[in-house]
Structures are given as C-alpha cells and as structure tokens.
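Taking it in order: structure first as structure tokens, then the write-up.
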Amino acid sequence: MFTTIAAFAGVALLATLIPGPDTAVVIKNSMGRGRRAALATAAGCSTGQVGWGIASIAGIAALLATSVIAFTVLKWIGAIYLCYIGVRSLISALRSGQTQAEQDVAAPASVASSYRDGLFTNALNPKTALFMSALLPQFTGPGEPWWTPGVLVAVTAVVSFSCMAAYALVFAKLGDVLRRPAVRRTVDGAMGGVLVSFGVGLAFSQA
38 MFTTIAAFAG
48 VALLATLIPG
58 PDTAVVIKNS
68 MGRGRRAALA
78 TAAGCSTGQV
88 GWGIASIAGI
98 AALLATSVIA
108 FTVLKWIGAI
118 YLCYIGVRSL
128 ISALRSGQTQ
138 AEQDVAAPAS
148 VASSYRDGLF
158 TNALNPKTAL
168 FMSALLPQFT
178 GPGEPWWTPG
188 VLVAVTAVVS
198 FSCMAAYALV
208 FAKLGDVLRR
218 PAVRRTVDGA
228 MGGVLVSFGV
238 GLAFSQA
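The opening residue of the sequence shown carries number 38 in this note's numbering; numbering runs sequentially from there.
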C-alpha cells in the first residue's frame, strides 16, 4: 500500500509541476492580491482536484471521455471562464494601480474571489477529469483495499495544495517587493494574456 501511495504521489507531483491554468491563476493572484488570496486560490484548485477525484471514483468523470457533447460543453465553459479572468486581468492592467490603503480594504473580498478563481479554473477543466479518470485505475487494482481510491484522492489534494501553496508564497513575496503600480500593471497584463491563451487553447483542444 505504501508503495502504491508513493508511486501515485510521484506521478501526481509531476503532473502538478507542469505549468497550466491552475499555476497561472495562482501566480496572478499571488502577485496581485497578496499571500492570503494566493493561498485561497491554491485551496480552490485543490478543492476542484478533490471534486474530480470523487467524480472519477463514482465513474462520472469517465463519461467525459466517452461523451463528445459533455466534453465539449465543459471545455467551452472552462475556456470562457479562463478568458473572463484573463480579460479582467488585462483591464486591471490598463487602470491606474491602487494605493496600499485601497488594497487593504479590498483584501477580505479578494480572498473569497481568489478561492473561486482557483476552484472554477480547476473544476471547469475537462482535462483534469480525464487525467484523474485515467490515472486512478492504474493504482487501484483488484489486490488493493477498497478504500485505496479515497486515500489516493486525498494524496492528490495534498500534493496539489503543497505545490500551489509553494508557488503562492514565492510569488506573493515577489509581489510584496515589486509593489510599484507600473510593475503590477505589467504582471496583470502578462498573466491576463497567459490565461486568455490557455482559454483559447482549451476551447480548441480535443478529448
């Protein structure tokens, strides 16, 4: 059992380290909103990962691999959402930077919205569902205990949050150092463009 968990954790870690929409939204919120919002975004991404893990155990996620309609609908919703938060970031880049006092006032609201950013970015990505539904069966053979899938989903959540939280803390620190409005606008513009590109890529991806 320990060998199975260790092997699964290794695969999950490698998958998490590959840059994707989750990474982009965590970095964006880290540098633009601060540490608390960044960690909330990471928690949102991990929550989405758990949701898809549970859906995979129940066999729901596998439907995306066999239903062209379900996959297409979800990927377009996910693409639109990525483009939405990307365009929102681009618009923010065109505006004047907030003062520190204004950022402090906005901080409580940003934590909740940052969690939603992470949650929706992950939960609306059908590629996450396909990955989980393909990966879990490889580690849940007939000889494994019945509770193995649940443990592996928990491992996925821990690995995902640990990696995303590390990104969050590092880039939030950079955001503290690079607090000048001109730098903030540059970061917002760059990450907004990255998120829009991920959205367009997801829209035209195949199952």
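Here a beta-carbon is modelled for each residue, glycine too, at the ideal position from N, C-alpha and C.
Remember, predicted model here, so these are calculated numbers, not experimental data.
Looking at the structure shown, is residue i part of a helix, part of a strand, or coil, going by DSSP?
{"i": "Ser104", "result": "coil"}
{"i": "Ala219", "result": "helix"}
{"i": "Leu232", "result": "helix"}
{"i": "Ser242", "result": "coil"}
{"i": "Thr158", "result": "helix"}
{"i": "Thr60", "result": "helix"}
{"i": "Trp183", "result": "coil"}
{"i": "Ile97", "result": "coil"}
{"i": "Pro153", "result": "Sequence inspection shows Arg at residue 153; the Pro mentioned does not correspond to that position. Reduced to three states, the DSSP call for Arg153 is helix."}
{"i": "Ile109", "result": "The sequence shown places Thr at residue 109, rather than the Ile named in the question. Three-state result, Thr109: helix."}
{"i": "Thr177", "result": "coil"}
{"i": "Ala209", "result": "helix"}
{"i": "Arg132", "result": "coil"}
{"i": "Gln140", "result": "Only weak support is given to the placement of Gln140: the predicted model assigns it a pLDDT of 45, under 50, and the value that follows is read from those uncertain coordinates. Three-state result, Gln140: helix."}
Against chain D, with Cβ distances strictly below 7 Å, would residue i count as a contact?
{"i": "Ala202", "result": "The structure shown contains no chain D, having only a single protein chain."}
Can you give me the start and stop residues for the alpha helix (DSSP H) that residue i sits inside?
{"i": "Phe94", "result": "First, the amino acid is wrong: residue 94 is Ile here, not Phe. Element bounds for Ile94: 72–94."}
{"i": "Ala166", "result": "163–172"}
{"i": "Ile42", "result": "39–54"}
What distance in whole Å lies between the Cβ atoms of residue j and residue i, which are believed to be in contact at a cut-off of 8 Å?
{"i": "Ala75", "j": "Ala205", "result": "3 Å"}
{"i": "Ser93", "j": "Leu173", "result": "5 Å"}
{"i": "Ala194", "j": "Val87", "result": "5 Å"}
{"i": "Gly115", "j": "Leu232", "result": "Incorrect: roughly 11 Å between the Cβ atoms, too far for contact."}
{"i": "Ser83", "j": "Met201", "result": "7 Å"}
{"i": "Arg20", "j": "Ala79", "result": "Any question about residue 20 goes unanswered here, given that the chain covers just 38 to 244."}
{"i": "Pro56", "j": "Thr158", "result": "Not a contact, Cβ separation roughly 13 Å."}
{"i": "Thr21", "j": "Trp89", "result": "Because the chain is modelled from 38 through 244, residue 21 falls outside the range shown and cannot be assessed."}
{"i": "Gly96", "j": "Gly236", "result": "With 8 Å as the limit, Gly96 and Gly236 do not qualify as a contact, their Cβ atoms being about 28 Å apart."}
{"i": "Ala77", "j": "Val188", "result": "Ala77 to Val188, Cβ: 26 Å. No contact."}
{"i": "Pro163", "j": "Leu100", "result": "Actually they do not touch by this definition, with Cβ atoms about 10 Å apart."}
{"i": "Val196", "j": "Ala43", "result": "In fact, because the Cβ distance is near 11 Å, the residues do not count as touching under 8 Å."}
{"i": "Ala160", "j": "Gly85", "result": "4 Å"}
{"i": "Gly229", "j": "Met68", "result": "That belief does not hold up - the Cβ atoms of Gly229 and Met68 are roughly 12 Å apart, past 8 Å."}
Would you say residue i touches the ligand MN, meaning its beta carbon is less than 6 Å from a heavy atom?
{"i": "Phe198", "result": "The ligand MN is absent from the structure shown, which contains no ligands of any kind."}
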